[in-house]
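First comes the structure, then the notes that go with it.
Numbering (this note's numbering), first residue to last: 330 to 917.
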């Protein structure tokens, strides 16, 4: 039975139902094509007539979201019907939850049901970040006729920039299933073996000895997800990018998209965030099927991590980005929806592309992404071959290398580099990481002028290994005059598993000691390196617990139990001119 709770904030005798501050809250069930019903909370104006609708779909519980989120009430007071919906198998909704598997069909059915519902005028928008973001892309891929605008934030568009990244398996699924998914699954199964309370489940997981599960081998035998996350093991069985991943891929669908999108991510978002937003924006402008989609899409990239935003949120990790860094996302989103769903011109003040430049701590208003005016600037790697023991030996400069010694290090997958910011990515001093013997650092001389870098950072490296397969990873940092070295992206960005060096569709093992030219990208940033600062690139072979450390055996990784050290080498000489390529904005 549906419950109706009027919320009367301003009462005027005889006119209260027409006051724009009066909104109605309803709890309803929405049918899918197979008879399964999804539970929803609805906010709408307490007025007669029809309104545009906005849909939010989540696996994290609409009751929890409804307990703190202001956007649904703001939107209802601004003349929208807002639907907060639990995805299939979660909390209020019927059916079985299988992560991402049913979101294309359910997304289409939900949007079409909402578009023809009593109080909707036929125009539907969607919003949300992370899982509530990717479900929007999946729904869009099915072309629901009533969908008129979407705002997927901090989310990928492809399986192999998400489940796998650079070819390596993403390990934080443990930090998703255990604290956020399993409590409700146990409750639905009437399983009393552990808590049904989400907050307690999160507390128990965070305080547990998680490292033993991150390092558990073989991956395919991990016991703690067997009961309630069988899909996890299916993902492990499909490391290549094939048609099997069609349930979550939308990269090939952009040519049919007619709906504008508002995209948002941060430099310290999970690696798939800025990658997904950048790729999506570019594909919208190059491939979208309507001029409306091309013209009205927006991109916002700020200094944030994978989190909710507000105007006061300007401090992340060890860095303060000051007043301009905050964002009132609710206002920006509503203004954009007013344009797309209500047809009100000039409501949104956002330019096509908004880029926050760290160091300068200011926004740039742009009309494109990536920026065509950037100059790809090469910084070559140099050393005398002693960078593992002398961290000052590695140099970066515009000069091409001559006859130089290569740099080698031992990568032991049982002792990977551990990112202390893995739970909530943030900028921090990298000197402890850089002191490791399996981390090479190459540093420029102090800059004589400011240098602004905006876009994707790429490393073109010549590498070899004693193993048939291994990993290479990069991190770009800003080195301050006092020596602190601050990462300019999330630590999970910039990663490559060598068996996928020629693409994610097919595995190709290495020949031990043979030199290969590789390209590592997917690291996005915007930073003003100030005069007197130095540019630094880290190179290593692991980023735990973001990715499973490569066992270096060349065997099937999911079933491999043994870990083998490898000697990995970075070559830099006139024959093998390894370099990083920075997108530099020329000085005016």
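Glycine included, each C-beta is placed from N, C-alpha and C at the ideal position.
So who's on the other strand from residue i, going by DSSP bridges?
i           : result
residue 846 : 791
residue 321 : This structure cannot settle anything about residue 321, because the visible part of the chain is limited to 330 through 917.
residue 615 : Beta-bridge pairing links residue 615 to no other residue.
residue 377 : Answer is none; residue 377 lacks a bridge partner.
residue 360 : 366
residue 493 : 498
residue 594 : 630
residue 724 : 711, 772
residue 695 : 682
residue 914 : 781
residue 488 : In DSSP, residue 488 forms no bridge with anything.
residue 737 : 898
residue 551 : According to DSSP, residue 551 bridges with nothing at all.
residue 648 : 645
residue 944 : Residue 944 lies beyond the residue range present for the chain, which begins at 330 and ends at 917; the question has no answer from this structure.
residue 863 : 808
residue 833 : DSSP lists no partner for residue 833.
residue 412 : 371, 384
Measuring CA to CA, which of the options is closest to residue i?
i           : options            : result
residue 728 : 908, 750, 557      : 908
residue 671 : 806, 381, 368      : 381
residue 559 : 531, 506, 599, 522 : 506
residue 661 : 502, 649, 679      : 679
residue 797 : 845, 575, 527      : 845
residue 600 : 869, 818, 861      : 818
residue 805 : 458, 477, 856      : 856
residue 725 : 634, 795, 866      : 866
residue 628 : 591, 400, 635      : 591
residue 450 : 476, 803, 466      : 476
residue 442 : 387, 362, 469, 567 : 362
residue 396 : 593, 824, 413      : 413
residue 704 : 761, 864, 782      : 782
residue 471 : 847, 858, 434, 697 : 434
residue 445 : 474, 456, 469      : 474
residue 390 : 807, 619, 612, 418 : 418
residue 682 : 520, 694, 689, 615 : 694
residue 582 : 500, 648, 608      : 608
residue 910 : 706, 539, 713      : 706
residue 948 : 832, 851, 439, 862 : The structure shown does not extend to residue 948, since the chain is modelled only from 330 through 917, so no value can be given for it.
residue 493 : 353, 636, 569, 411 : 569
The beta strand (DSSP E) spanning residue i covers which residue range?
i           : result
residue 905 : First-last for residue 905: undefined, no H or E at that position.
residue 814 : 814 to 816
residue 879 : No beta strand (DSSP E) contains residue 879, which DSSP labels as neither H nor E.
residue 587 : Premise fails: residue 587 is in no beta strand (DSSP E) and is neither H nor E.
residue 477 : 476 to 482
residue 686 : 682 to 686
residue 451 : 449 to 458
residue 748 : It is not in any beta strand (DSSP E) - residue 748 carries neither H nor E in the DSSP assignment.
residue 439 : Careful: residue 439 lies outside any beta strand (DSSP E), inside the alpha helix (DSSP H) at 432 to 444.
residue 391 : Segment 391 to 397 is the alpha helix (DSSP H) holding residue 391; no beta strand (DSSP E) there.
Look at residue i and residue j and say whether their C-beta atoms are less than 7 Å apart.
i           : j           : result
residue 597 : residue 814 : no
residue 871 : residue 746 : yes
residue 879 : residue 821 : no
residue 513 : residue 658 : no
residue 524 : residue 530 : yes
residue 900 : residue 791 : yes
residue 709 : residue 785 : no
residue 432 : residue 453 : no
residue 631 : residue 595 : yes
residue 467 : residue 436 : yes
residue 488 : residue 574 : yes
residue 740 : residue 897 : yes
residue 479 : residue 588 : yes
residue 551 : residue 482 : no
residue 766 : residue 713 : no
Under 8 Å by Cβ, that's how I've got residue i and residue j pegged, so tell me the actual separation to the nearest angstrom.
i           : j           : result
residue 837 : residue 826 : Actually they do not touch by this definition, with Cβ atoms about 11 Å apart.
residue 643 : residue 650 : 5 Å
residue 366 : residue 423 : 5 Å
residue 605 : residue 486 : 5 Å
residue 742 : residue 881 : 6 Å
residue 769 : residue 723 : 6 Å
Does the beta carbon of residue i come closer than 7 Å to any beta carbon on chain D?
i           : result
residue 886 : No chain D appears in the structure shown, which is made up of a single protein chain.
Output the boundary residues of the alpha helix (DSSP H) element that contains residue i.
i           : result
residue 670 : 658 to 671
residue 805 : Here residue 805 belongs to no alpha helix (DSSP H); instead the beta strand (DSSP E) covers 800 to 808.
residue 621 : 620 to 625
residue 540 : 540 to 543
residue 530 : 527 to 535
residue 515 : 511 to 517
CB of residue i to nearest heavy atom of the ligand MG: below 6 Å?
i           : result
residue 739 : The ligand MG is absent from the structure shown, which contains no ligands of any kind.
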